[in-house]
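Taking it in order: structure first as structure tokens, then the write-up.
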Amino acid sequence: MRDKRYNIWVALAIVPLVAVPLYFLLRAIYALPPAASVEAQEVIDPLMQGHFVMIAALFALIMVIMLYAVVVFRRRPGEEGEGTYIHGITWLEYTWTLAPLILVVIFGWWGVSGLAQITSTENDDTAIDVLAIGQQWAWVFQYGDAEGASGAELVLPVGEPVLLRMTSRDVLHSFWVPEFRVKQDLLPEKETVLRFTPSVEGEYKVRCAEICGLSHAYMLADVRVVSRAEYDDYLDVISDLPDPDDFAGWGELHYQAYGCAGCHSLDGSELVGPSWQGIWMRESVMSDGTVVVSDEEYIRNSILNPNLQLVEGYAANLMPQNYGEQFAQDPSGRDIVRDLTEFMKTLSTEPNAQ
Ligand code: CUA
693 MRDKRYNIWV ALAIVPLVAV PLYFLLRAIY ALPPAASVEA QEVIDPLMQG
743 HFVMIAALFA LIMVIMLYAV VVFRRRPGEE GEGTYIHGIT WLEYTWTLAP
793 LILVVIFGWW GVSGLAQITS TENDDTAIDV LAIGQQWAWV FQYGDAEGAS
843 GAELVLPVGE PVLLRMTSRD VLHSFWVPEF RVKQDLLPEK ETVLRFTPSV
893 EGEYKVRCAE ICGLSHAYML ADVRVVSRAE YDDYLDVISD LPDPDDFAGW
943 GELHYQAYGC AGCHSLDGSE LVGPSWQGIW MRESVMSDGT VVVSDEEYIR
993 NSILNPNLQL VEGYAANLMP QNYGEQFAQD PSGRDIVRDL TEFMKTLSTE
1043 PNAQ
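So for the sequence shown, our numbering puts the first residue at 693; every next one is plus one.
So, in structure tokens, the structure goes:
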């Protein structure tokens, strides 16, 4: 039994020969998109690589030793006796108990400290403050750096820490930009927080990562990481509010800010709800067969009590039922429905006129 083949060090020498290629295989299979935030580069990706190293090393250690034993210690012809009875090796048992325990604690600490950094609610005034509001099925972003500034895309200056506060107007949604490597749920009537620092200028997408109904898969918004100067310009543009009596101009803002755009196109394409293209005074067949003209009264009813009259072919309960309440809390104090109606009046019936 003193044959060199039976030396455990031979088996252990094979372990790295399996582990190293396996590590690179894992990296290739689970290739991540480009990292575009400091947290991706410094926290998440190293943690991911740490897991790959651990998975490759443990898999190789266990499988190589097992297969080595199966092959080298197999029963050969003529061998009839029982195997040698071995009672236990204390140092080995301590090792295989303590080593995994220590590793799990290290990985646990590593993950928790990263999470604490990314979801810290600590106040600081230096971060770019943005409130992200999710609703079925649109994103709205309100910028703390400019009063009244909100938009349907998330624009951020490169290299500056962001404090993203999030909430939902209806059900659970989830903010996820794969390139930033951060993800966090949006909850109704509660604020959640994400912190990250975009590190690479470019265009990304935020996608909803929580099943939230019919158009969940289309709940996307553009994310642009730009220079500080472009960011300031963008805030100037979106905080340049229309004149108080420019009802249609305000209506267009509400169209974005209240997520109407998520379900009602302006170009005639069918989303979750009927397109607003040419909606003013349009005749539509309702689900009960009656024909209704979209005049002011119909539009007001449809926004405030969307289930009362449904256009044929569209399902009930898809549109939020609480727009009355939401509008009553609008900081502008405007008659939102009137503004929206005036905006609708400007929408041509010509295809792609908008
Ligand atoms: Cu919102 Cu899925």
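Quick reminder that beta carbons are idealized off the backbone N, C-alpha and C, glycines included. Quick caveat: nothing in here was measured; it's all calculated off a predicted structure.
beta-carbon residue i near the ligand CUA non-hydrogen atom, thresh 6 Å
{"i": "Glu944", "result": "no"}
{"i": "His908", "result": "yes"}
{"i": "Glu902", "result": "yes"}
{"i": "His956", "result": "no"}
{"i": "Met911", "result": "yes"}
{"i": "His779", "result": "no"}
{"i": "His743", "result": "no"}
Residue range of the unbroken beta strand (DSSP E) whose run includes residue i
{"i": "Arg1030", "result": "Segment Ile1028 to Lys1037 is the alpha helix (DSSP H) holding Arg1030; no beta strand (DSSP E) there."}
{"i": "Gly803", "result": "Run containing Gly803: none in the beta strand (DSSP E); it sits in the alpha helix (DSSP H), Thr782 to Ile810."}
{"i": "Val983", "result": "Val983 to Val985"}
{"i": "Gln948", "result": "Taken as a continuous stretch (DSSP letters only), Gln948 belongs to no beta strand (DSSP E), being part of the alpha helix (DSSP H) at Phe939 to Ala949."}
{"i": "Trp701", "result": "Here Trp701 belongs to no beta strand (DSSP E); instead the alpha helix (DSSP H) covers Ile700 to Ile721."}
{"i": "Ala903", "result": "Reading off the sequence, residue 903 comes out as Ile, not Ala. It is not in any beta strand (DSSP E) - Ile903 carries neither H nor E in the DSSP assignment."}
{"i": "Lys875", "result": "Val874 to Leu878"}
{"i": "Met858", "result": "Val854 to Ser860"}
{"i": "Trp868", "result": "His865 to Val869"}
{"i": "Leu823", "result": "Ile820 to Gln827"}
C-beta contact flag for residue i and residue j at 7 Å
{"i": "Gly840", "j": "Leu739", "result": "no"}
{"i": "Cys904", "j": "Val863", "result": "yes"}
{"i": "Ala1020", "j": "Gln948", "result": "no"}
{"i": "Arg887", "j": "Ser812", "result": "yes"}
{"i": "Val917", "j": "Val850", "result": "yes"}
{"i": "Val898", "j": "Val874", "result": "no"}
{"i": "Tyr835", "j": "Val822", "result": "yes"}
{"i": "Asp737", "j": "Ala723", "result": "no"}
{"i": "Ser891", "j": "Ser729", "result": "yes"}
{"i": "Ala830", "j": "Gly951", "result": "yes"}
{"i": "Leu750", "j": "Gly826", "result": "no"}
{"i": "Pro998", "j": "Met1011", "result": "yes"}
{"i": "Met1036", "j": "Trp972", "result": "yes"}
{"i": "Val707", "j": "Leu753", "result": "yes"}
{"i": "Ser907", "j": "Val964", "result": "yes"}
{"i": "Leu927", "j": "Ala838", "result": "yes"}
{"i": "Val756", "j": "Val710", "result": "yes"}
Exposure label - residue i; buried when at least 16 CB within 10 Å
{"i": "Met693", "result": "Confidence in Met693 is poor, its pLDDT being 48 and thus under 50, which makes the residue's placement too unreliable to answer from."}
{"i": "Thr889", "result": "buried"}
{"i": "Phe872", "result": "buried"}
{"i": "Ala1045", "result": "Because Ala1045 carries a pLDDT of 40, less than 50, the predicted location of this residue cannot be relied on, and the following value inherits that uncertainty. Exposed."}
{"i": "Ala705", "result": "exposed"}
{"i": "Phe833", "result": "buried"}
{"i": "Thr1038", "result": "exposed"}
{"i": "Gln828", "result": "buried"}
{"i": "Thr776", "result": "exposed"}
{"i": "Pro966", "result": "buried"}
{"i": "Asp980", "result": "exposed"}
{"i": "Glu774", "result": "exposed"}
{"i": "Ile820", "result": "buried"}
{"i": "Asp680", "result": "Residue 680 cannot be examined here, being either before or after the span of the chain that is shown, 693 to 1046."}
{"i": "Leu784", "result": "exposed"}
{"i": "Gln1013", "result": "exposed"}
{"i": "Tyr786", "result": "exposed"}
{"i": "Gln809", "result": "exposed"}
{"i": "Ala1008", "result": "exposed"}
{"i": "Ala720", "result": "exposed"}
{"i": "Phe716", "result": "exposed"}
{"i": "Thr1041", "result": "exposed"}
Bounding residues of the alpha helix (DSSP H) (the contiguous stretch that carries residue i)
{"i": "Gly758", "result": "In the sequence as presented, Gly is not what sits at residue 758; that position holds Met. Start and end: Asp737 to Val764."}
{"i": "Glu1017", "result": "Tyr1015 to Ala1020"}
{"i": "Ala921", "result": "Arg920 to Ile930"}
{"i": "Arg992", "result": "Glu988 to Leu996"}
For residue i: DSSP bridge partner residues
{"i": "Arg768", "result": "Arg768 pairs with nothing; no bridge assigned."}
{"i": "Ser1048", "result": "What the structure shows of the chain is the stretch from 693 to 1046, and residue 1048 is not part of that stretch, so it cannot be assessed."}
{"i": "Asp914", "result": "Lys897"}
{"i": "Met978", "result": "Val1003"}
{"i": "Ser729", "result": "Pro890"}
{"i": "Cys850", "result": "Sequence check: residue 850 is Val here, not Cys. None; Val850 has no bridge partner."}
{"i": "Val885", "result": "Arg857"}
Proximity test, Cβ basis, 7 Å: residue i and chain B
{"i": "Ala940", "result": "This model lacks chain B altogether; it includes just one protein chain."}
Contact test: residue i Cβ vs the ligand HEM heavy atom, cutoff 6 Å
{"i": "Arg857", "result": "Within the structure as shown, the ligand HEM is missing, the only ligands being the ligand CUA."}
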